[in-house]
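So the structure is just underneath, and the comments pick up after that.
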Amino acid sequence: MDFSDVFNFSDYDRLIPLVANSLWAGVLLALVGGLIGVFVMNRELSFAVHGISELSFAGAAIFLLFGLDVVLGSVVGSLTAALIIAVLGDRSKDRNSIVAVLMPFGLGIGILALALYPGRAANKFGLLTGQIVAVDDPKLASLAVISAIVLVSMVVIWRPLLFATLDSEVAAARGVNTRVLGIVFVMLLGLAVAAAVQVVGALLVLALLVTPAASALRLSKSQLWVPVLSVAFAFVAMIGGILLALGGGLPISPYVTTISFLIYLTARGISFVRGKLEVSK
Amino acid sequence: MNVILQVNNASLQFDERVIWQNLNFEVQPGEFIALIGANGSGKSMFLKSVLAQQKLTSGSINFLGSKVRRGSTDIGYIPQHRSLDAQLPLTVFDAVRLGLDGHKLGLPLTGAKTKALVTEALIQVEADQLAQKPLGELSGGEMQRVRVAQALISKPKLILADEPLSALDLNHQHVVSELIANQAKKQGAAVIFVTHDLNPVSDYVDRVLYLAKGRYSIGTTQEVMQSDVLSDLYGTEIDVVRSQGRIVVLGAHDHDHHDDEEWV
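Order-wise, the sequence lines are chains A and B. Add 2 to a position in the first sequence, counting from 1, and you land on the number used in my numbering. Add 694 to a position in the second sequence, counting from 1, and you land on the number used in my numbering.
Shown next, in the form of structure tokens:
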């Protein structure tokens with residue numbers, strides 16, 4: 003292996019237009035993932051994200067096998083998992099065991115469908131780990147629709163969701179239907195996961211839906227700045243990842259996840275130093 | 695002035711187990727009622743019934759003249775003390791404003807009017823200095839002030855406080871009791887205050903509602919906190935001892951403690 007296999011920026015000007023769709027998809031995903039991530043963290047749904055993504059993968063793989071639309075399959079898988087988790091896993095303990103049961107099942111079904119699929123191997127692998135040129139025009143259009151649904155819905159339910167997350171009893175006393183709201187949020191999360199699977203792959207969705215928000219929460223406690231930072235971090239990871247991956251022609255996921263991880267390490271470092279400074283004050 | 699709460703033959707039972715039955719009383723504006731009883735006597739369940747979150751087995755509860763319904767902004771609710779998730783990116787200001795309009799859809803954008811109301815509520819509980827502090831950094835006493843402000847900000851007619859003194863030291867118990875009682879008086883709101891110990895609130899209590907063994911007794915402190923009244927309620931020998939202005943109930947808690955703490 004040569005270093006230039008991983009980082010290679012010759013012909014860059016000719017390569018960029020090829021990934022224009024991926025870049026746009028990256029922008030959408032950063033926005034959706036960064037915002038959803040804030041509530042994923044606060045509602046302790048990180049593990050659920052992983053479970054949903056495996057079923058999303060299964061859905062996509064099955065649809066691929068039968069020659070149907072992969073994005074639609076992803077959405078069907080995601081929403082099924084989200085509904086099961088939302089309805090059965092009301093309490094965090096139940097939820098974890100349900101996710102742990104669903105996850106290998108989804109992955110297994112997905113692998114079976116891929117093994118039976120006669121097409122090119124790159125298509126198969128892409129669903130798990132993401133691929134750089136996977137986003138064609140119709141796919142970008144469906145991603146845009148999914149993102150729009152998630153973003154608009156999040157803006158609509160933001161305040162009561164925040165209230166229910168802060169104190170579900172007080173929120174319920176004020177008439178917030180905390181159960182319905184919880185289910186709606188997990189369904190939106192399902193949509194976001196389905197969208198993310200198309201670009202970063204099922205195994206690496208967490209790097210987009212959890213890590214940026216986790217980093218933002220290390221740095222701020224402001225209800226404005228946490229979502230803003232979270233989206234910004236997701237954006238840097240996504241776009242940075244795509245641009246770096248382009249050079250080597252490799253899957254984008256390792257780049258996205260590495261940038262995301264480095265941002266998290268930096269955020270932890272900053273909050274650690276801050277804590278030290280405050281103690282010494 | 696109108697009656698705040700009318701409780702008519704209200705009964706609650708789970709399967710064969712009677713939590714309380716045939717509760718009958720009214721709550722007047724500005725009245726402070728201490729709700730006392732052993733674990734499992736259904737104190738929290740009574741508050742949930744007033745919030746229309748717990749269905750009665752029979753009877754009815756009317757709030758401001760009509761049957762209780764969910765989501766009234768005329769009721770301020772302070773649930774049992776729990777430590778809130780320190781991760782949540784919210785300041786004291788943000789948390790209190792959710793008490794005002796947290797149930798409405800949309801983004802929590804803050805206009806001048808909202809800001810004034812939140813600031814006013816924070817000043818009432820002497821927590822305006824804390825406005826920009828993250829929730830995760832509050833002490834137990836500070837957190838209870840914030841919860842009181844959150845409950846008071848909508849200017850409710852009735853405040854339901856579920857053991858707001860648990861997990862507080864003696865000093866803060868007095869501070870929080872005084873805060874709730876005084877602010878309620880100022881706004882003309884009635885209070886139902888669940889507590890294990892009558893002493894921190896004894897200065898403010900108009901009447902005591904005592905639940906035990908599926909039965910109840912209501913009246914002034916003098917009327918209810920008597921050895922014969924509580925002995926009759928529990929069906930066993932109870933001693934109510936008065937010492938230097940404090941009231942101590944002997945023999946009640948050991949008795950009812952174990953069987954069903956999950957109801958509390």
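All C-beta atoms, glycine included, are put in the ideal place defined by N, C-alpha and C. No experiment lies behind these values; they were computed from the predicted model shown.
Quiz item: Closer than 8 Å, Cβ to any Cβ of chain A: which residues of the region 794-826 of chain B, in chain order?
Solution: Asp795, Gly796, His797, Lys798, Leu799, Gly800, Leu801 and Pro802
Quiz item: Got a sec: is the Cβ-Cβ distance from B:Arg901 to anything in chain A below 8 Å?
Solution: Against the second sequence, residue 901 of chain B aligns to sequence position 207. Not closer than 8 Å to any Cβ of chain A, the Cβ of B:Arg901 fails to qualify, so no.
Quiz prompt | Endpoints, the alpha helix (DSSP H) within which A:Val101 is located | solution = Against the first sequence, residue 101 of chain A aligns to sequence position 99. A:Val101 -> alpha helix (DSSP H) spans Ser94 to Leu118.
Exercise. Mind listing the chain D neighbours of B:Arg764? Cutoff is C-beta to C-beta under 7 Å, in chain order.
Key: Included in the structure are the protein chains A and B, with no chain D among them.
Practice problem: Consult DSSP for B:Val899 and reduce its assignment to one of helix, strand or coil. | Solution: Indexing the second sequence from 1 puts residue 899 of chain B at position 205. In this structure, B:Val899 counts as coil in the three-state DSSP scheme.
Quiz item: Which bits of chain B does A:Met43 rub up against, with CB to CB less than 8 Å?
Solution: Translated into the one-based positions of the first sequence, residue 43 of chain A becomes position 41. Neighbours of A:Met43 on chain B, chain order: Gln781.
Self-check item: Element boundaries [beta strand (DSSP E), containing B:Asn703]
Solution: Along the second sequence, read from residue 1 onward, the residue named residue 703 of chain B stands at position 9. Taken as a continuous stretch (DSSP letters only), the beta strand (DSSP E) holding B:Asn703 covers Leu699 to Phe708.
Quiz item: Under the rule that 16 or more other beta-carbon atoms within 10 Å means buried, what is A:Leu183, buried or exposed?
Solution: Taking the first residue of the first sequence as 1, we reach residue 183 of chain A at position 181. Label assigned to A:Leu183: buried.
Quiz item: Does the region 886-901 of chain B come close enough to the region 716-730 of chain B that 3 or more CB-CB pairs lie under 8 Å?
Solution: yes
Quiz prompt | Proximity winner among A:Val77, A:Arg161 and A:Phe237, relative to A:Val147 (alpha-carbon distances) | solution = Along the first sequence, read from residue 1 onward, the residue named residue 147 of chain A stands at position 145. For the residues A:Val77, A:Arg161 and A:Phe237, the minimum Cα distance to A:Val147 belongs to A:Val77.
Exercise. Inspect the beta-carbon positions of B:Ile853 and B:Phe719 and report whether they are closer than 8 Å.
Key: For the purposes of this step, residue 853 of chain B is taken as residue 159 along the second sequence, with counting starting at 1. For the purposes of this step, residue 719 of chain B is taken as residue 25 along the second sequence, with counting starting at 1. Not in contact: B:Ile853 and B:Phe719 (Cβ atoms no closer than 8 Å).
Quiz item: Taking C-alpha atoms, which residue in A:Ala173, A:Ala102, A:Asp92 and A:Phe165 lies nearest to B:Asp788?
Solution: Position 94 of the second sequence, counted from the start, is the residue given in the question as residue 788 of chain B. Checked all of A:Ala173, A:Ala102, A:Asp92 and A:Phe165; the closest Cα to B:Asp788 is A:Phe165.
Practice problem: Please say whether A:Ala239 and A:Ile265 have beta carbons closer to each other than 8 Å? | Solution: Your numbering for residue 265 of chain A matches position 263 in the first sequence. Your numbering for residue 239 of chain A matches position 237 in the first sequence. For A:Ile265 and A:Ala239, yes; Cβs fall inside 8 Å.
Self-check item: Member of B:Ala861, B:Leu829, B:Val840 and B:Gln781 whose CA lies at the smallest distance from the CA of B:Glu814
Solution: Residue 814 of chain B sits at position 120 when you count from the first residue of the second sequence. Of the candidates B:Ala861, B:Leu829, B:Val840 and B:Gln781, the one whose C-alpha sits nearest the C-alpha of B:Glu814 is B:Val840.
Quiz item: Shorter than 8 Å from the beta carbon of A:Thr1 to some beta carbon of chain B?
Solution: Nothing about residue 1 of chain A can be read from this structure; chain A reaches only from 3 to 283.
Quiz prompt | Residue span of the alpha helix (DSSP H) that contains A:Leu246, given as start and end | solution = Here the question's residue 246 of chain A lines up with position 244 in the first sequence. Note, A:Leu246: alpha helix (DSSP H), Trp227 to Gly250.
Quiz item: Any Cβ of chain A within less than 8 Å of the Cβ of B:Ala843?
Solution: If you number the second sequence from 1, residue 843 of chain B lands on position 149. It does not: the Cβ of B:Ala843 has no partner Cβ on chain A nearer than 8 Å.
Quiz item: Using the C-alpha atoms, what's the distance from B:Lys849 back to B:Thr808?
Solution: Position 114 of the second sequence, counting from 1, holds the residue named residue 808 of chain B. Position 155 of the second sequence, counting from 1, holds the residue named residue 849 of chain B. So the alpha carbons of these two residues sit roughly 14 Å apart.
Practice problem: Using DSSP bridges, identify the partner residues of B:Asp856. | Solution: Numbered from 1 along the second sequence, position 162 holds the residue referred to as residue 856 of chain B. According to DSSP, which records beta bridges pairwise, B:Asp856 is partnered with B:Val888.
Self-check item: Member of A:Val188, A:Arg161, A:Leu190 and A:Ile185 whose CA lies at the smallest distance from the CA of A:Arg176
Solution: Numbered from its first residue, the first sequence carries residue 176 of chain A at position 174. Considering only alpha carbons, the answer is A:Arg161.
Quiz item: Looking at C-beta atoms only, is the number of pairs between the region 792-811 of chain B and the region 194-207 of chain A that lie closer than 8 Å three or more?
Solution: no
Quiz item: Which two residues bound the contiguous alpha helix (DSSP H) that contains B:Asp788?
Solution: Translated into positions along the second sequence, residue 788 of chain B becomes position 94. Note, B:Asp788: alpha helix (DSSP H), Val786 to Asp795.
Quiz item: Who are the neighbours of B:Ile698 on chain A, taking C-beta pairs under 8 Å?
Solution: Translated into the one-based positions of the second sequence, residue 698 of chain B becomes position 4. The premise fails here: B:Ile698 is roughly 16 Å from chain A at the closest Cβ pair, so nothing lies under 8 Å.
Quiz item: Is it right to say B:Leu927 is buried, meaning 16 or more other beta carbons lie within 10 angstroms of its own, or is it exposed?
Solution: Position 233 of the second sequence, counted from the start, is the residue given in the question as residue 927 of chain B. Buried: at least 16 other Cβ atoms inside 10 Å.
Quiz item: For the region 203-235 of chain A, which residues have a CB atom closer than 7 Å to at least one CB atom of chain B, in sequence order?
Solution: Leu219, Ser222, Lys223, Ser224, Gln225 and Val228
Self-check item: Local Cβ density within 10 Å of B:Asn865, reported as buried at 16 or more and exposed below that
Solution: Here residue 865 of chain B refers to the residue found at position 171 of the second sequence. Burial call: exposed.
Exercise. Please list the partners that A:Leu164 has in chain B, where partner means a Cβ-to-Cβ separation under 9 Å.
Key: Counting from 1 along the first sequence, the entry for residue 164 of chain A is found at position 162. Simply Leu782, Leu784, Asp788, Leu792, Gly796 and Pro802.
Quiz item: In this structure, what does DSSP give as the bridge partners for B:Tyr910?
Solution: Position 216 of the second sequence, counting from 1, holds the residue named residue 910 of chain B. Per DSSP, B:Leu905.
Quiz item: A:Val201 and A:Gly28: beta carbons closer than 8 Å?
Solution: As a first step, residue 201 of chain A is located in the first sequence; it is residue number 199 there, counting from the start. As a first step, residue 28 of chain A is located in the first sequence; it is residue number 26 there, counting from the start. Result yes, Cβ atoms of A:Val201 and A:Gly28 sit closer than 8 Å.
Quiz item: Thinking C-beta only, is A:Ser232 closer than 8 Å to A:Gly91?
Solution: For this step, residue 91 of chain A is matched to residue 89 along the first sequence. For this step, residue 232 of chain A is matched to residue 230 along the first sequence. In this structure, A:Ser232 does not lie closer than 8 Å to A:Gly91 by Cβ.
Self-check item: Contact set between A:Gly37 and chain B, taken where Cβ atoms lie within less than 9 Å
Solution: Along the first sequence, one-based indexing puts residue 37 of chain A at 35. Checking the displayed sequence, the identity of residue 37 of chain A turns out to be Leu instead of Gly. Going along chain B, no residue has its Cβ under 9 Å from A:Leu37, so there is no contact; the nearest lies around 11 Å.
Practice problem: State the start and end residues of the unbroken beta strand (DSSP E) segment that holds B:Asp822. | Solution: Taking the first residue of the second sequence as 1, we reach residue 822 of chain B at position 128. Careful: B:Asp822 lies outside any beta strand (DSSP E) and carries neither H nor E.
Practice problem: Give the secondary structure of B:Asn718 by DSSP, where H, G and I count as helix, E and B as strand, and everything else as coil. | Solution: Here residue 718 of chain B corresponds to residue number 24 of the second sequence, with the count starting at 1. B:Asn718: strand per DSSP, three-state reduction.
Self-check item: Within 8 Å of chain B by C-beta, residues of the region 143-174 of chain A in sequence order
Solution: Val157, Val158, Ile159, Trp160, Arg161, Pro162, Leu164, Phe165, Thr167, Leu168, Asp169, Glu171, Val172, Ala173 and Ala174
Quiz item: Does the beta carbon of B:Tyr928 come closer than 8 Å to any beta carbon on chain A?
Solution: Counting from one through the second sequence, the residue named residue 928 of chain B turns up at place 234. No, B:Tyr928 does not count as interfacial toward chain A.
Quiz prompt | Nearest-angstrom Cβ-Cβ length linking A:Ser262 and A:Ala209, presumed shorter than 8 Å | solution = Sequence index remark: in the first sequence, residue 262 of chain A carries index 260 (1-based). Sequence index remark: in the first sequence, residue 209 of chain A carries index 207 (1-based). Indeed, because the Cβ distance is near 4 Å, the residues count as touching under 8 Å.
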